[in-house]
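Enquirer:
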Amino acid sequence: MTETELLVDCLCRLETAGIDYMLVGSMAGNYWGVPRSTHNIDFVIEYDETQVDAIVEAFQDDFFIQQISVAPGLRPPRQFNALDNRSALKVDFFRIAGDEYEFERFGRRKRITLFDQPAWIATAEDVLLQKLRWHTISPTDRQ
């Protein structure tokens with residue numbers, strides 16, 4: 109399974125499960141014209157305790173994902189991941205952090221068609237701003 113196929117698969121699963129999300133990170137940057145090799149897919153999602161089972165059920169057949177990792181994602185550091193059993197690629201999920209910028213960024217997400225699949229994606233400006241924010245937290249050339 110390629111990264112593109114995995115991305116489309118994840119988009120379908122999130123859409124079907126009714127989970128609010130947006131594609132972020134390198135895959136979002138690639139869409140907006142800043143190609144970069146990546147070995148994972150990043151999503152920001154908004155969910156509550158009533159949706160934990162739906163997330164696990166949406167991914168459990170082809171991914172290593174457990175309720176025990178999704179439920180704690182509701183609390184800091186507000187993240188969990190799923191490992192694709194077919195490709196060994198990782199999908200990272202980050203819950204909205206709770207600060208004003210995060211909610212505004214999520215509100216600005218754009219609805220696009222990506223590889224013939226409807227998708228929510230962070231704006232180009234927010235992809236860049238988030239890279240700058242990450243760099244202030246953890247300076248690295250990889251950001």
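Our numbering applies: residue 109 is where the sequence shown begins, and numbers increase by one. Note that CB positions come from ideal geometry on N, CA and C, so glycine has one too. Given the structure is predicted, the values throughout are model-derived calculations rather than measurements.
#1: Return the bridge partner residues of T221 from the DSSP annotation.
#2: R241: which of R213, T158, E157 sits nearest, CA to CA?
#3: Answer yes or no: do W228 and R217 have a C-beta to C-beta separation smaller than 7 Å?
#4: At a cut of 8 Å, does the region 179-189 reach the region 130-139 through at least three beta carbon pairs?
#5: Does R183 come out as helix, strand or coil in the three-state DSSP assignment?
#6: What is the DSSP secondary structure of L191, counted as helix, strand or coil?
#7: If you follow the alpha helix (DSSP H) that D117 is part of, which residue opens it and which one closes it?
#8: So is A136 buried or exposed if we call it buried at 16+ other beta carbons inside 10 Å?
Expert: This is what the structure gives:
#1: The bridge partners DSSP lists for T221 are P226.
#2: Among R213, T158, E157, the Cα nearest to that of R241 is on R213.
#3: Yes, they are a contact pair.
#4: Pairwise C-beta distances place the region 179-189 out of contact with the region 130-139, as fewer than three of them are shorter than 8 Å.
#5: Three-state DSSP puts R183 in coil, outside helix and strand.
#6: Strand.
#7: Membership of D117 in the alpha helix (DSSP H) is indicated by the continuous run 111-125.
#8: A136 should be labelled buried.
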